[in-house]
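Following: one structure in structure tokens, then a few remarks.
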């Protein structure tokens, strides 16, 4: 007998562990690509600012990877400990996704070691190449897991007899209709979170008066990343919603807080869903809009929550709120991307520059600083939509959450232990990153470099010595290797 409290505790622990881990997994996807760009720029120009950004971000990446590895290990154990019936029945169907994720993770870990310890031991270009498998494997590691989640939303390729799986296609998680939009949606979300976090750090630094080239360039790399990905996310999100309508109509009804099935379905913006009356209070209703958006016709029939018995409905109050949060924050970032593009072009023309000039006024910097938290909150809200909208199923249409949870006692103690572990990890992470920030290179960049693009020169990374601003800031002489000060 499984107690209702055990279900809630197991769901709470899994949700908390997933939310904690995904905040670090996104940096494993996005940050290596930014490091590839900044180190490549350093190799081409020999500019100490690009080198300083690369060294600082590589140290932060190492810390974030370590915390993500620990939290991911805890999460993997939770699948077997908290959801044994689910793993016993469907573990074979998801085996290939989990196995490939394991290979990708170990590949990433091996090359991270080569990258971190190879600064003074490898040639500059060989060192850059060690980041390539990190970026590829880090991306694949996360996206392989997304295919498993996509299969849980739209299960395919599994044949069951009397509740037992008798055959399972190994590639089923990769061929399910929900996999392509979910994978691309998550990839863009990871890039947005990474770019937003980077932009936020340097925007705050500039708000505190650090207007040197180091901060300006770090802001530009992060901000452009998040602002370019935001409009693409809108297109992919629409694609994902159309797949949800055809494959998981109950989830779409919960997302849009639509109770009554039928044509002329309205689109409701905001508001609070009332599960008793089936109405949305304080929302803005646009007549016929949902039917037009999903079927390109006012007569298109959209399934509502009334098509399901009460016990089979998702929690529309939570799902609708999460969906509006995700869409609202995403729309705000898209609006910012348009505003920044217009302002950059206008500033560039006013200053007769050859390319757009990023606006750096206080209002713009505050908006840039907000892109990091906004992207992370939007991502977490999106995961609530994905998981909460599938309820009460752990595998949509095949196994309920209540049938998959463990019957063992002590789930509450496990949840408490997880909270303590993650609290310790969070505290250690904050202390380490704060120490790294206070020892940053801003004060050690040579004045001729900190002055900005007007005084920058193009140097040969092989023949021209380059001072390491990170080590200079800490009073250490640069180490020369192949003519390059490292």
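In the working numbering, the protein residues as written are 30 to 515. Ideal Cβ positions, reconstructed from N, Cα and C, are used throughout, including at glycine. Predicted model only: the values in this text are computed from it and were never measured.
Per DSSP, cross-strand counterpart(s) of residue 313: 298
With a cut-off of 8 Å on the beta carbons, I'd call residue 430 and residue 36 a contact; round off their distance for me. 6 Å
Backbone CA spacing between residue 493 and residue 254 [nearest angstrom]: Here the model assigns residue 493 a pLDDT of 39, short of 50, so the residue's position is not dependable and the matter cannot be decided.
Taking the alpha-carbon positions, what's the residue 166 to residue 461 distance? 26 Å
Rounded to whole angstroms, what's the CA-CA distance from residue 496 to residue 76? Just pull it up for me. At residue 496 the pLDDT is 41, less than 50, meaning the model places this residue with poor confidence; the figure from the coordinates comes in the next sentence. For residue 496 and residue 76, the distance between alpha carbons rounds to 9 Å.
What is the DSSP secondary structure of residue 583, reduced to helix, strand or coil? Because the chain is modelled from 30 through 515, residue 583 falls outside the range shown and cannot be assessed.
Alpha carbon to alpha carbon, what distance is there between residue 305 and residue 336? 15 Å
Alpha-carbon spacing of residue 99 relative to residue 435, whole angstroms: 23 Å
When 62, 318, 269, 312 are compared against residue 292, the one with the closest alpha-carbon: 318
For residue 112, which three-state DSSP category applies? The DSSP-derived three-state label of residue 112 is coil.
Per DSSP, the bridge partner or partners of residue 196: 188
What would DSSP say about residue 238, mapped onto helix, strand or coil? coil
Given residue 279, which residues of its chain have a CB within under 8 Å of its CB, disregarding the five upstream and five downstream residues? 332, 334, 336, 337, 341, 342, 343, 418
Same chain, Cβ closer than 6 Å to residue 479, neighbours up to 5 away in sequence not counted: Confidence is the limiting factor: at residue 479 the pLDDT is only 43, short of 50, which leaves the residue's position unreliable and the question unanswerable from this model.
First and last residue of the beta strand (DSSP E) that includes residue 305? Note, residue 305: premise wrong, no beta strand (DSSP E); not H, not E.
What distance in whole Å lies between the Cβ atoms of residue 352 and residue 414, which are believed to be in contact at a cut-off of 8 Å? 5 Å
For residue 250 and residue 67, which I take to be in contact (beta-carbon distance under 8 Å), what is that distance rounded to the nearest angstrom? 7 Å
Could you give the DSSP three-state label for residue 429: helix, strand or coil? Annotated three-state conformation of residue 429 is strand, per DSSP.
Please report the Cβ distance between residue 400 and residue 362, rounded to the nearest whole angstrom; I am assuming they are in contact, meaning their Cβ atoms lie under 8 Å. 6 Å
Less than 8 Å between the CB atoms is what I'm expecting for residue 323 and residue 274, so what's the real figure, rounded? For residue 323 against residue 274, the beta-carbon gap comes to about 5 Å, under 8 Å, which counts as contact.
Taking the CB atoms as reference points, tell me whether residue 223 and residue 59 lie closer together than 8 Å. yes
Can you say whether residue 328 is buried or exposed, counting buried as having 16 or more other CB atoms within 10 angstroms of its CB? exposed
Note down, in chain order, each residue of its chain lying with its Cβ closer than 7 Å to the Cβ of residue 210, except the 5 sequence neighbours on either side. 265, 268, 269, 272
Reduced DSSP category for residue 411 - H, G, I as helix; E, B as strand; rest coil: Collapsing the DSSP output to three states places residue 411 in a helix.
The beta strand (DSSP E) that contains residue 424, what's its start and end? First-last of the beta strand (DSSP E) with residue 424: 422-424.
Beta-carbon spacing of residue 142, residue 444 below 8 Å: no
Taking 8 Å as the cut-off, does the segment 378-389 touch the segment 179-197 (at least 3 CB pairs, one atom from each stretch)? no
Could you tell me the distance, in whole angstroms, from the CA atom of residue 424 to the CA atom of residue 180? 8 Å
Excluding five sequence neighbours on each side, which residues of the same chain lie with their C-beta closer than 8 Å to the C-beta of residue 359? 259, 262, 263, 266, 407
Measure the Cβ-Cβ separation of residue 411 and residue 218 and say whether it is below 8 Å. yes
Under the rule that 16 or more other beta-carbon atoms within 10 Å means buried, what is residue 311, buried or exposed? exposed
Locate the alpha helix (DSSP H) running through residue 378, then write down its first and last residues. 345-379
My guess is that residue 349 and residue 288 are in contact by the Cβ rule of under 8 Å, so how many angstroms apart are they, rounded? With 8 Å as the limit, residue 349 and residue 288 do not qualify as a contact, their Cβ atoms being about 11 Å apart.
How about residue 394 and residue 235: do their beta carbons lie closer than 8 Å? yes
Return the chain-ordered list of same chain residues with a C-beta closer than 6 Å to the C-beta of residue 54, the five sequence neighbours on each side being excluded. 97, 171
What does DSSP give as the partner residue(s) for residue 291 in the beta ladder? Residue 291 is bridged to 331.
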